[in-house]
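K.L.:
Protein chains in written order, with the working numbering: chain P, 8 to 86; chain D, -5 to 399; chain H, 2 to 861. Could you have a look at this structure, given as structure tokens, before my questions?
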Amino acid sequence: MLVPCPWCGEREDGEFKYGGAAGIAYPAQPEAASDTEWAGYIFHRPNPKGAFQERWYHSAGCRRWFALTRDTVTHRINP
Amino acid sequence: MLTEPSSHPDHLWRNPEPRRGYDVVIVGGGGHGLATAYYLAKNHGITNVAILERGWLAGGNVARNTTIIRSNYLWDESAAIYEQSLKLWEGLAQELDYDILFSQRGVLNLLHSVGDVREGLRRVNANRLNGIDAEWLSAEEVKAYCPIVNISEDVRYPVLGATLQRRGGIAKHDYVAWAYARAADAFGVDLVQNCEVTGFELSGRSVTGVQTSLGRIGAGKVALCAAGHSSVLAAMLGLELPIQSHPLQALVSELLEPVLECVVMSNAVHVYVSQAHKGELVMGAGIDPYNSYAQRGSPQVIEYQLAAALELFPIFSRAHVIRTWAGIVDVSPDASPIVGLTPIENLYLNCGWGTGGFKATPASGWVYAHTIANGSPHPLNAPFSLDRFSTGALIDEHGAAAVAH
Amino acid sequence: MRLASGGRIDRGRPIAFTFNDVPLEGFAGDTLASALLANDLRVVTHSITRGRPRGTFTAGIEEPNALVQVGPEPMLRATQVELVDGLGATGLKGRGRAMVTGDGARFDKRYAHCEVLVVGAGSHGTQAALDAAMRGDRVILMDEQNEMGGRSLSERSATSTASTLASLRSFTEVQLLSRTTAFGLYEQNLMLAAERRPDGQRLWQVRAKRVVLATGAHERPLVFANNDRPGVMLAGAVRTYLNRYAVVPGRRAVIFTNNDSTDRLLADLGAVGIEVAAVIDARAGEVVGDTEGDERGITGVIVGGQRIGCDFLCVSGGFNPTVHLFSQVGGRLRYDERLTGFVPDEGPANVTVVGRAAGDFKISVQPTWLIPSADGDYSNHFIDLERDVTVADLRRAVGTGMRSVEHVKRYTTIGTGSDQGKTAGINEAAIVGTLTGQPVGGVGTTTYRPPYVPVSFSLMAGRNRGDLFDPIRITAIHPWHVAHRARFENVGQWKRPSYFPRGDESMEAAVLRECRAAREGVGVMDVSTLGKIDIQGPDALTLLNRLYTNAFDTLPVGMCRYGLLCRADGMVFDDGVVMHLAQDHYLATTTTGGAAAVLDWFEEWLQTEWTDLRVRCTSVTDHWAAIAVVGPRSRDVIAALFPETAVDTRAFPFLAIREGETRGIPVRLHRITFSGELAYELWTPNWYGLALWELVMEAGKPLDIAPYGTEAMHVLRAEKGYIIVGQETDGTITPQDLGMSWIVSKKKDFVGKRSLRRPDTSRADRRQLVGLLPLDGGERLPEGAQLTLEPRNQPPVEMVGHVTSSYRSAALDRTFALALLKAGRDRIGQTVYAPLQDRIVAATVTEPIFWDRENIRRDS
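In structure tokens form, the structure reads like this:
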């Protein structure tokens, strides 16, 4: 799979580390979260069959993180 | 070892139209779903059951895994359920009257570093004290047990030893599924193929039916059992799961004269292999790291896996890959399954077996049937609840899973 | 039989070969299959299950019968094996032999980019390549055959393809790869192909802007009783043998067809005077109902109850476009009624299928999927020759209730052979359709998967063998270790000295001696492999505080502090020393194995979460060599090397950092210790590493300074109760479990803190770090031993923990261990048991520290 690094261009997926779902913010008030809410933050992630907003890390290249949207069925990327 | 496969039964299943409603609807007609239906009928007398399979029966992960069976997991909770499974395996062909080619030819887990050796010994000791057969082999003993393994010290990551479970082995995945299917069908369970669940019907806090590509089907209880689509189904219910779906690739070689008589797994160099009844080498590796429902992965995984295989087995150097494929594995944060209740009444969940579901097929069906029939978990699946992620009581089996995540 | 003239073989170069140890001759340009036919050897092998004699059926990669072993290589197709001098092949009955080989064949990989990749050098492929070349594109044209030209090679007379090829050769940006089989098409036009070379094979990985598939079509067999005898061959294959190899499989032919492609074969056979006893055309209502034969092959056919004698039978049931690569990459297929085959439908935007592969050919064909059996017995109507599967097997499969072609495949094993059912699949679909009342198009095909042809394990592995399997990392001081006969262990990708045996010392003796030296005199260890992360910026302190469990606000410039890292789930993940080098400038060390993961962790938080923090992290692991000088006499060595530096404990206290220089080598000194002794870690730029080590050895010589390795290091730190991440932790252990509440800040938040409050994570009876002293001070507990509260060696017995580290101690003159034990801190003083295979070892639970509790030696 070719992954479009915003800095380096399209590179093979083997050059990257996969970062899973994008947009999961560290909770502003961890101490205020219930155990269930906290478990949600640590463990629950979207896992869609279809468009997925995900993160990649160009570990063997520029070492920058970025997000894109990829279809998890066709693997087509529409950043 | 290489006699031709025994002949199959002449009748396997009916192809019924789905009825308007059932006491239990099982979503997913794979190995676990079929086993569940069988044990619901056999152990609990519950036969007004339908299995709804979106594709062809047993065409998901059960059709495409590398068929390794063992129970040598680390923690007491895991050891118990996988060992229960192994005991069921030992009587399964007779019980289902179907030669599933179950072969207890031994499973070697090779260890290549001092740290791995320590963890391997930890597991062997835990297995032994849990009544599970487990031995430690030195490198020389590995060579004696499996002569084609390369134990030379000149390789990049030499074999330092191995754990051995002699009662572990393989079985023919399709036949296992068909054996359960035939038996369930004989009890009157409807196996409905090409029937995709597209939604759920809820009334108050309970599920009351499913919407499908073949129409609405009422259900007293609904049991989700669809590896690779657990999150898709859960999302329809607004249920969040700690599951991520990844490709897991595997491959076979052409048929070869017998050369490998046991199963060999190597966590460190990421390859596991057996030689099937017919003669083909069946080989798997680590998951592809990205999320995917495509049932295909990157060729670099295959390249790396085969380099690892040749380091361990120089004798395979001129064998050929004749087919590669992939399944969709649902990976959980602790590499342990989720089997039990959900916040929704009469809705049950069985998922998260990741790369290790096949070996658990009989026990998964057994405990899931109990859970559904009683509305509460069997002692063996009680620890594998969905809420363990809130309490923190995870059952971390990344090491024993022996497949790179 | 070889014809006297014609063909593309080189009659000037005869080649000697053996088949099943029988010496034979052929010519350069022959395949093993053509050479065997030339020698009238029609029986190549016997079938896998039924043991029926079989001969070559096709002239190409779709061959299901003629499977051979050539040297160490199993299950090759005789139609693909090029005849070379000294070739020795044996027929295989469906299974090959895996063998170790030292034949020195080379397997390498090439990576290429181009605008247009064309697969198949027949008329359409070569034209597509030429069109692209003339536009100025970089073109790669691949063909599996040893000669380009595709079907033109099977024509009697020359075609335009030859001149197209000649034009292509004139373009510098065109690469022509013959003997190269494209076998896997992956996302975004990544094509994998196997090139056969004289000295081995080459794996091509080509990334093309556009892929053109000109892969042609495979001829289909007809399905009738006893359709598998030697001498029964695809009509197009007979024409290839005739025109390309000047070989004819017999002297008296019958042609059985359902389409008009066989007209040309009829003409070609006539042109060389081979008798065609009959042309049986299904379009005219005639069929071959059965064949007769003996051990050597076919002797006749039965048509309408009448026998017609022949010694070869040319069959043609139509053509299947070769759509495998298109389908692998997700292209959809549809059934074409006119062609009676599956053709490409929707596919990826940059993949084009042309020519016969796209269904672009004229044919008059009548679908003739199954010739009925005269007596209802279908057990000799073969569908999959390689798997010996017949129509009777298909009927049985359908009889079970199976309807899907995928089920039928698995029940019967059709299509699972090394030919992956290339001559069986479509017939299977059609017959299943007939049996279940579904149209062929509705039944569909089973999934196409890479590789299109069998691919050698060695080719996929390439050069990543031996030392190239994974990179080897060594420190600057490595040559010294090698020269001094150190034994090494793998720590991740690094080679680290494990111990330095003197004379013929055992490991145990060496480790005891090295430990004694470190505690009584001075030892030295190469610790360069530990991860080092440079952290600079106004928000460097903020970063440290957010990620480490402890706070660094009060760490002055010029001092070090131990730090612990947890993951968000509260589990210990790595540890190290944070060094405050200057204002807004820190350096954090990590474990050897965790360096990359820790840096990645820092970067993830900085780039995805805390983007407003002004701080930069840089890996400097390889920039610095690091040498630990350890022991009560270590100060003497430091004083000798750095006379300008004040080394008394008030001037240079524990955890302080000082700069120094020795013989022109710049060194930063850190008074930190992993052994619990007075110790100094000397850091110097990597290129000085070996020189500095040698200076240390020289300065320490009067004190009999002893180099020590990871084995001794493990013992020394364990005597102090210092954990090793990955040994005392396994991803399920919190700081509190390790007795390290002192390092968990109560004041600030850090990643992982909230998780420590969860019900299971805050239980009082979790597994906790303790020490163990076996009742027998000479008995060593094995690492990994499980612990129980009762002296019981078999189930049922409750396991309450395990031994994480266990050693023989020179300092204590006895054995000791560290362990994780349920509610361990409440069990200090109690006895626990380690049930082993053959005995039970009892041990007393202690605090996890055995040496210099007051840290007097460390702080001296």
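For glycine and all other residues, C-beta sits at the position ideal for the given N, C-alpha and C.
Taking a contact to mean a Cβ-Cβ separation below 7 Å, would you say L788 of chain H touches G779 of chain H in this structure?
P.N.:
To locate residue 788 of chain H, count along the third sequence from 1; it is residue 787. To locate residue 779 of chain H, count along the third sequence from 1; it is residue 778. Their beta carbons are not under 7 Å apart, which means L788 of chain H does not touch G779 of chain H by this criterion.
K.L.:
Check whether the stretch 282 to 294 of chain D touches the stretch 126 to 133 of chain H, counting contact only when three or more Cβ pairs, one atom from each stretch, lie closer than 8 Å.
P.N.:
Cβ pair count under 8 Å is below three, so no.
K.L.:
Mind reading off the beta-carbon distance from Q329 of chain H to L186 of chain H? Whole number of angstroms is fine, and I expect it under 8 Å.
P.N.:
Position 328 of the third sequence holds residue 329 of chain H. Position 185 of the third sequence holds residue 186 of chain H. Indeed, because the Cβ distance is near 5 Å, the residues count as touching under 8 Å.
K.L.:
Among D:G280, D:V253, D:M259, which has the Cα closest to the Cα of H271 of chain D?
P.N.:
The count along the second sequence starts at 1 and reaches residue 271 of chain D at position 277. Taking only the C-alpha atoms, the option nearest H271 of chain D is D:V253.
K.L.:
In the DSSP assignment, the beta strand (DSSP E) including A279 of chain H goes from what residue to what residue?
P.N.:
Counting from 1 along the third sequence, the entry for residue 279 of chain H is found at position 278. 276 to 282 is the span of the beta strand (DSSP E), which, as asked, contains A279 of chain H.
K.L.:
Quick check: what's the CA-CA separation for S0 of chain D versus E407 of chain H?
P.N.:
Numbered from its first residue, the second sequence carries residue 0 of chain D at position 6. Numbered from its first residue, the third sequence carries residue 407 of chain H at position 406. For S0 of chain D, the predicted structure reports a pLDDT of 47, less than 50, and the residue's modelled location is therefore unreliable. A value from the coordinates is still provided. Approximately 20 Å, taken between the alpha carbons.
K.L.:
For L(-4) of chain D, does the three-state DSSP call read helix, strand or coil?
P.N.:
Position 2 of the second sequence, counting from 1, holds the residue named residue -4 of chain D. Caution is warranted here: a pLDDT of 34 is assigned to L(-4) of chain D, below 50, making its placement in the model unreliable, and the coordinate value is therefore given only provisionally. If DSSP states are grouped into helix, strand and coil, L(-4) of chain D belongs with coil.
K.L.:
From the DSSP output, in three-state form, read off M403 of chain H for me.
P.N.:
For the purposes of this step, residue 403 of chain H is taken as residue 402 along the third sequence, with counting starting at 1. The answer is coil: DSSP assigns M403 of chain H none of H, G, I, E or B.
K.L.:
Can you tell me which residues form a DSSP beta bridge with E113 of chain D?
P.N.:
To locate residue 113 of chain D, count along the second sequence from 1; it is residue 119. Answer is none; E113 of chain D lacks a bridge partner.
K.L.:
Tell me which residues share the same chain as E47 of chain D and place their Cβ nearer than 6 Å to its Cβ, disregarding the 5 neighbours each side in the sequence.
P.N.:
Start at 1 with the first residue of the second sequence, and residue 47 of chain D comes out as number 53. Same-chain partners within the cutoff: G23, Q187.
K.L.:
Assess, as a yes-or-no matter, whether the stretch 226 to 242 of chain H is touched by the stretch 173 to 180 of chain H under the definition of 3 or more beta carbon pairs within less than 8 Å.
P.N.:
The stretch 173 to 180 of chain H vs the stretch 226 to 242 of chain H: no contact.
K.L.:
Counting only beta-carbon separations shorter than 7 Å, does R755 of chain H have a partner in chain P?
P.N.:
What you label residue 755 of chain H is simply residue 754 of the third sequence in a count that begins at 1. Closer than 7 Å: yes.
K.L.:
Name the two residues that bound the continuous alpha helix (DSSP H) containing M698 of chain H.
P.N.:
Start at 1 with the first residue of the third sequence, and residue 698 of chain H comes out as number 697. Residues 690 to 701.
K.L.:
Please confirm whether A367 of chain D and H38 of chain D have their CB atoms less than 7 Å apart.
P.N.:
Locating residue 367 of chain D in the second sequence gives position 373, where the first residue counts as 1. Locating residue 38 of chain D in the second sequence gives position 44, where the first residue counts as 1. Against a cut-off of 7 Å, the Cβ pair of H38 of chain D and A367 of chain D comes out as a contact.
K.L.:
For a quick check, are the C-beta atoms of E220 of chain H and S317 of chain H less than 7 Å apart?
P.N.:
Here residue 220 of chain H refers to the residue found at position 219 when the third sequence is read from its first residue. Here residue 317 of chain H refers to the residue found at position 316 when the third sequence is read from its first residue. Cβ atoms of E220 of chain H and S317 of chain H: closer than 7 Å.
K.L.:
Considering just the uninterrupted stretch of the alpha helix (DSSP H) at H167 of chain D, what are its terminal residues?
P.N.:
As a first step, residue 167 of chain D must be located in the second sequence, where it is residue number 173. Looking at the DSSP string, the run of the alpha helix (DSSP H) that includes H167 of chain D is 167 to 180.
K.L.:
Among H:T619, H:K110, H:G422, H:S35, which has the Cα closest to the Cα of V85 of chain H?
P.N.:
Working through the third sequence from its first residue, we reach residue 85 of chain H at position 84. With distances taken between Cα atoms, V85 of chain H lies closest to H:S35.
K.L.:
For I639 of chain H, count neighbouring Cβ atoms within 10 angstroms of its own Cβ and tell me buried if that reaches 16, exposed if not.
P.N.:
In the third sequence, the residue the question calls residue 639 of chain H occupies position 638. Counting Cβ neighbours within 10 Å, I639 of chain H comes out buried, since at least 16 surround it.
K.L.:
Please determine, among H:T612, H:D731, H:E387, H:G151, the residue with the shortest C-alpha to C-alpha distance to G95 of chain H.
P.N.:
Counted from its first residue, the third sequence places residue 95 of chain H at position 94. Among H:T612, H:D731, H:E387, H:G151, the Cα nearest to that of G95 of chain H belongs to H:E387.
K.L.:
Does the stretch 560 to 568 of chain H come close enough to the stretch 531 to 541 of chain H that 3 or more CB-CB pairs lie under 8 Å?
P.N.:
Flag = no, the stretch 531 to 541 of chain H and the stretch 560 to 568 of chain H do not touch.
K.L.:
Taking only the alpha-carbon atoms, compute the straight-line gap between W14 of chain P and R71 of chain P and give it to the nearest angstrom.
P.N.:
Here residue 14 of chain P refers to the residue found at position 7 when the first sequence is read from its first residue. Here residue 71 of chain P refers to the residue found at position 64 when the first sequence is read from its first residue. About 8 Å.
K.L.:
Just to confirm, is the Cβ distance from V82 of chain H to L154 of chain H under 7 Å?
P.N.:
As a first step, residue 82 of chain H must be located in the third sequence, where it is residue number 81. As a first step, residue 154 of chain H must be located in the third sequence, where it is residue number 153. No.
K.L.:
Let's see if you can read the secondary structure: which residues bound the beta strand (DSSP E) around G301 of chain H?
P.N.:
The sequence position of residue 301 of chain H within the third sequence is 300, counting from 1. 298 to 304 is the extent of the beta strand (DSSP E) around G301 of chain H.
K.L.:
I'd like to know whether the C-beta atoms of V302 of chain H and V289 of chain H end up nearer to each other than 7 Å.
P.N.:
Residue numbering aside, residue 302 of chain H sits at position 301 when the third sequence is read from its first letter. Residue numbering aside, residue 289 of chain H sits at position 288 when the third sequence is read from its first letter. Taking 7 Å as the Cβ cut-off, V302 of chain H and V289 of chain H qualify as a contacting pair.
K.L.:
Rounded to whole angstroms, what's the CA-CA distance from G348 of chain H to P53 of chain P? Just pull it up for me.
P.N.:
Translated into the one-based positions of the third sequence, residue 348 of chain H becomes position 347. Translated into the one-based positions of the first sequence, residue 53 of chain P becomes position 46. Approximately 29 Å between the Cα atoms of the pair.
K.L.:
Just to make sure I have the definition right: I need the residues of chain H whose C-beta is within less than 8 Å of the C-beta of N9 of chain D. Which are they?
P.N.:
Your numbering for residue 9 of chain D matches position 15 in the second sequence. G402, R404, listed in chain order.
K.L.:
In whole angstroms, give me the CA-to-CA distance for T182 of chain H and G359 of chain D.
P.N.:
As a first step, residue 182 of chain H must be located in the third sequence, where it is residue number 181. As a first step, residue 359 of chain D must be located in the second sequence, where it is residue number 365. So the two alpha carbons sit approximately 45 Å from each other.
K.L.:
Tell me A17 of chain H's beta-bridge partners as DSSP assigns them.
P.N.:
By one-based count along the third sequence, residue 17 of chain H stands at place 16. Bridge partners of A17 of chain H: H:E26.
K.L.:
Work out the CA separation of A32 of chain P and F23 of chain P for me, nearest whole Å.
P.N.:
Within the first sequence, residue 23 of chain P is the residue found at index 16, counting from 1. Within the first sequence, residue 32 of chain P is the residue found at index 25, counting from 1. Cα-Cα distance, rounded: 22 Å.
K.L.:
Quick one: does A363 of chain D have its CB under 7 Å from some CB of chain H?
P.N.:
Against the second sequence, residue 363 of chain D aligns to sequence position 369. False, the Cβ-Cβ gap to chain H never drops below 7 Å.
K.L.:
Does chain P have any CB closer than 7 Å to the CB of E855 of chain H?
P.N.:
Start at 1 with the first residue of the third sequence, and residue 855 of chain H comes out as number 854. Not closer than 7 Å to any Cβ of chain P, the Cβ of E855 of chain H fails to qualify, so no.
K.L.:
Would you mind giving the Cβ-Cβ distance between I673 of chain H and C561 of chain H, rounded to the nearest angstrom? I have them listed as a contact below 8 Å.
P.N.:
As a working mapping, residue 673 of chain H is identified with position 672 in the third sequence. As a working mapping, residue 561 of chain H is identified with position 560 in the third sequence. The pair is a contact, with the Cβ atoms about 5 Å apart (cut-off 8 Å).
K.L.:
Taking the straight line between their C-alpha atoms, what separation do you get for R767 of chain H and I734 of chain H?
P.N.:
Sequence index remark: in the third sequence, residue 767 of chain H carries index 766 (1-based). Sequence index remark: in the third sequence, residue 734 of chain H carries index 733 (1-based). The alpha-carbon atoms of R767 of chain H and I734 of chain H are separated by roughly 9 Å.
K.L.:
At 9 Å on the CB atoms, spell out the chain P contacts of Q294 of chain D, in chain order.
P.N.:
Looking up residue 294 of chain D in the second sequence gives position 300. E19, D20, G21, listed in chain order.
K.L.:
Is S807 of chain H helix, strand or coil by DSSP?
P.N.:
The sequence position of residue 807 of chain H within the third sequence is 806, counting from 1. It is a strand residue.
K.L.:
Taking the runs of the beta strand (DSSP E) that are 3 residues or longer, which of them lie wholly in the stretch 62 to 117 of chain D?
P.N.:
With a minimum length of 3 residues, the continuous beta strand (DSSP E) runs that stay inside the stretch 62 to 117 of chain D are 101 to 105.
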